Every structure is written in structure tokens, then in C-alpha cells.
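Comments concern the structure below.
Pasting the structure below:
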């Protein structure tokens, strides 16, 4: 039974205690009919409590037998009043109270509290930022954990909501998915809600379903937890210039509304606390938003589940598509070296056509070395929605490059939701500087950042 559900039942029991007082008063004043009406209502209330407990607990729960005894007692008192065989108000009150206390104590002591934890990811490719916590919750015998992927929308140029996307069928096979349309968090009021999208209505490219804005979710849970879907290069707390380039991640609705924010390290925690305090003051927030002691407990430097996912995934456990193996394997069955080529949104937006020419050069070099090296190109999953919305002409040219690369078939094009597979499978990283680099470095494998200015590979 959930904590909130147990509280509701105990509140109903308290109402019964109050009703018993009224029954006693009615009997003392010889208002037999009023006393009987209240007894009938007590019976109905007790049956409702019993039905609720039977729904949530085992049929043989000892509390049910106490409720049955209570209902029998209420019926006997009702009949005694009807037949005028017993109208001793004090005796009736004491008997009702004694039986109700048995129920109350049993609810408190015999029914264990279970915690309900729900995860609301939006993009399947970002699920790794929550997965290790979800799996731990699933293993907890006193916890009910749910993964409920939520829909999101592309933004139209006028910022209205465009096409809706739902990726619930793209999660790993070991993750039990709950349909977002069947999980009513407003009624269930989960004990903890985890999110990894902090933007609510602030994102210019995509937007989660408004029902799942952090400002709304916090109304229906005791604890809203935000975990970033990314990891950043570690920063020293006194490196203000670098901090200024990332502090926009700190002042978002999800961070503001969350009860807890889990970040990648203790250093990052201190940066979040310091910058949050500054932003809260600048934006006129009050109360705990300006309380450093509170913020030291709100922000937790416990590490990123994204790192957990990569380090816990073994190459031999990967499911590698057959078409990938045709590119990876040499004629003698041995494997080529695999290079993870990552292209980011930021590099495209900053360098435009110059970046496209750089990519063409990269593909030419890897094509010339395809007998020894397999290229695994994995662009950022939001490239299409971002570039097509913000720079349609650039998107048309980019799309031609993608089409040609796929048609030639000498390299792997990975647009799956599983970034970790690419990290674990590959032997080295080449591409843009991004949060993927931070994750990749944890593997100990080589990393090289591409420069759009370097075009000569001879």
C-alpha cells in the first residue's frame, strides 16, 4: 500500500471515530433514528475501507477480518436499537471504539508501505540518463517502479506545437513500458517522479506534452527529481568564464521546480548551487530559492546514470545488426577498427555549409580506408528537428549528404536510440565536442575532436 493511500484510509478511520461520538450523543438524546442512520454510514465507510485494502493487499490480510468484525458489531448495535434491547450509549461507544482501534492499529502496523516511483523520459536515446536508477528501483521489493515514456512535439517556426512523437516502442527489451495514456499520475500521486527534460515551454525546437511540464508534475508528487540528459566537461568552481558558457543549463523550469537535482559530480553541484543562487536573486525569487543550506540539499553530486550505463555494458552482450556486421567484418572474419563519428547540432548551426564540406572530406577519407576501418556515423538525434526548423536550406543540403552516405553503404549510419551501443562497440571517437565526449572518455578509449578549419588530410 502506498503512503498516500494509507493516509487516506487512516483519515477515513478518524472520521469513523468522530461518527462514534455523534452516535453516542444521539443515543443519549434518544434520537434513535439519527443514530441508526450514522451506523449505516459507518457500515458503508468500513466496507469501502475493506474493499480498498483488498484491492491493494492480499485477500488474507488480517485487517480485513477486523473490518468484518466491526461490520458485524455495527449491525448488532443497529438491530439492538431497532428492537430497543440495548440503548446503553457508553457501552455502545466503548465497543465501537475498541473494535475500530483494532482496525486502526492493524492498518498502521500490519500493512507495509510501498513506494511508487515513476520515470517520465521523452526521447528513447536519452533514457540512459535514468536507466540505472530505474533498474535499482525495480529490484527494490518495497518499491513499484514504472517507466512511462511521454510524447513530445516539434516546434513550428511560430513556436506552436507541430508533429507529435512517441518513442515508447524504442526502449531496451528489459524495460517494462507503461502506456502514458493509462498511467494517471494525477490520481496515483506517485511518491517520486523522475524527469530528464527540464525545459517545459522554454525549448525552441521541441516541447514535451504540456501535461508533463515540471510545473504541473510537482503538484502531484512529494518529490520531483530532475537528472540532466547530458554530462559536461568537469569545470573548476572558480572558472567563471567556462561557467558562464554553461549556466543556461542551471536556470530552467525543471531545475527550478525540482525537489532534487542529481548532477554528475560534487564540483558540478557547487557550480549549480552558486549559479542558482545568483539567478534566483536576479529573477526575484524568495524563500528556499535563496537559502544556501536548502540548495546544498536540493542539488546532489551523485554522478550521472549515463556513465553507469556505458561502464556496465559489455561488448559481447550487444545486439549488432546484420547489416552492420557486413561493414565491420573483413573477408577473413576478423573485425576492422570501428570509429564512432559524432556530428553535433551546435557545429552545424555555427559553421553552416562549411561544416557540410568538412563532413564530405571526412567521409572521403574514411571511404578510402574502408578496408581497414569501419565508420559508425551517429548524428545528434535532434539534428533533423532543429536544423529543419531553424535553417531549412541547410537541412536540404545536409539531407542530401545523409542520403548519399546511406545509399553508398560502405559505412554504418546509426540513428537508433541506443547511443551506448556505439560507444561500447567502437574503438575510438572522432567528431564534434559534445556531451558524448565526456561519456566516451570514461571508457579509456582514444578521442579526437574534429576542427572544421582543418581540411587537408594528406
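In our numbering, the protein residues as written are 6 to 463.
Quick reminder that beta carbons are idealized off the backbone N, C-alpha and C, glycines included.
On a predicted model such as this, the values are computed, not experimentally measured, just so you know.
Closest by C-alpha distance to residue i, when choosing among the options
i	options	result
residue 206	258, 198, 180	258
residue 182	232, 147, 125, 234	125
residue 276	238, 141, 145, 147	238
residue 380	333, 395, 412, 62	333
residue 301	341, 326, 274, 191	274
residue 215	241, 166, 199	166
residue 121	245, 71, 149	149
residue 252	265, 33, 278	278
residue 180	142, 458, 411	142
residue 420	345, 289, 435, 284	345
residue 431	374, 397, 12, 320	320
residue 376	9, 265, 339, 324	339
residue 265	285, 199, 236	199
residue 164	186, 412, 128, 212	212
residue 94	33, 17, 395, 10	33
residue 175	190, 129, 188, 189	129
residue 10	194, 236, 245, 225	194
residue 30	69, 96, 72, 68	96
residue 326	341, 245, 418, 283	418
residue 223	160, 123, 184	123
residue 283	245, 308, 263	245
Close beta carbons around residue i, own chain, < 8 Å, minus the five adjacent residues each side
i	result
residue 350	385, 387, 388, 391, 392
residue 437	347, 348, 349, 351, 352, 454, 455
residue 399	353, 357, 358, 361, 392
residue 66	58, 59, 115, 116
residue 281	255, 256, 260, 294, 300, 304
residue 80	48
residue 26	98
residue 323	426, 429, 430
residue 78	100, 101, 104
Cβ neighbours of residue i in the same chain (closer than 6 Å, five flanking residues each side left out)
i	result
residue 451	433
residue 441	347
residue 61	6
residue 28	40, 43
residue 147	119
residue 37	86
residue 83	41, 44
Cβ shell of residue i (< 7 Å), same chain only, five flanking positions each side left out
i	result
residue 447	312, 315, 316
residue 425	133, 314, 315, 318
residue 271	306
residue 85	91
residue 285	294, 295
residue 225	190, 191, 194
residue 444	236, 311, 312, 315, 428
residue 459	none
residue 341	333, 335, 377, 378, 379
residue 75	51, 104, 105, 108
Counted within 10 angstroms of its Cβ, other Cβ atoms place residue i as buried (16 or more) or exposed
i	result
residue 249	exposed
residue 103	exposed
residue 330	exposed
residue 45	exposed
residue 63	exposed
residue 22	exposed
residue 101	buried
residue 409	exposed
residue 415	exposed
residue 20	exposed
residue 269	buried
The ligand MG heavy atom lying under 6 Å from the CB of residue i
i	result
residue 173	Absent from the structure shown: the ligand MG. Ligands present: none.
Quiz item: Is the number of C-beta pairs between the segment 403 to 410 and the segment 213 to 221 that are closer than 8 Å three or more?
Solution: Judged by Cβ distances under 8 Å, the segment 403 to 410 makes no contact with the segment 213 to 221, as fewer than three pairs qualify.
Exercise. Flag this pair as touching only if the segment 86 to 106 and the segment 53 to 65 have three or more C-beta atom pairs under 8 Å; answer yes or no.
Key: At 8 Å Cβ cutoff, the stretches do not touch.
Practice problem: Quick one: which unbroken alpha helix (DSSP H) runs of 4-plus residues sit fully inside the segment 231 to 293? Chain order, please. | Solution: Listed in chain order, the alpha helix (DSSP H) elements of length 4 or more contained wholly in the segment 231 to 293 are 245 to 251, 258 to 262, 271 to 287.
Self-check item: In chain order, each alpha helix (DSSP H) run of at least 4 residues that lies wholly inside the segment 357 to 421
Solution: Within the segment 357 to 421, the runs of alpha helix (DSSP H) at least 4 residues long that lie entirely inside it are, in chain order, 358 to 373, 388 to 395, 397 to 413.
Quiz item: Are the segment 128 to 143 and the segment 103 to 110 in contact at 8 Å, needing three or more beta carbon pairs?
Solution: They do not touch, by the three-pair rule.
Quiz item: Taking only runs of the beta strand (DSSP E) that begin and end inside the segment 88 to 144, which ones reach a length of at least 3 residues, in chain order?
Solution: You should have 120 to 125.
Exercise. Report yes or no: do the segment 259 to 273 and the segment 191 to 206 share at least 3 C-beta pairs separated by less than 8 Å?
Key: Yes, they touch.
Quiz item: Hey, is the segment 167 to 185 in contact with the segment 146 to 157, meaning 3+ C-beta pairs nearer than 8 Å?
Solution: Short answer: they touch.
Quiz item: Below 8 Å, can you find three or more Cβ-Cβ pairs linking the segment 364 to 383 to the segment 221 to 231?
Solution: Touching, no, given that fewer than three Cβ pairs across the two stretches are closer than 8 Å.
Quiz item: Which full runs of the beta strand (DSSP E) of 3+ residues lie inside the segment 434 to 460, going along the chain?
Solution: Listed in chain order, they are 452 to 454.
Practice problem: Write down every uninterrupted run of the alpha helix (DSSP H) in the segment 25 to 70 whose length is 4 residues or greater and which is fully enclosed by it, in chain order. | Solution: Those alpha helix (DSSP H) runs which fall completely within the segment 25 to 70 and span 4+ residues are 37 to 61.
Practice problem: Could you name each continuous beta strand (DSSP E) segment of 3 residues or more that falls completely within the segment 155 to 189, going from the start of the chain to the end? | Solution: As far as the segment 155 to 189 is concerned, its whole beta strand (DSSP E) runs of at least 3 residues are 157 to 160, 166 to 170.
Quiz item: Which residue spans inside the segment 304 to 337 form an unbroken alpha helix (DSSP H) run of at least 4?
Solution: For the segment 304 to 337, the full-length alpha helix (DSSP H) segments reaching 4 residues or more read 310 to 317, 327 to 333 along the chain.
Quiz prompt | Segments assigned beta strand (DSSP E), at least 3 residues, entirely inside the segment 191 to 237 | solution = With a minimum length of 3 residues, the continuous beta strand (DSSP E) runs that stay inside the segment 191 to 237 are 197 to 200, 211 to 213, 228 to 231.
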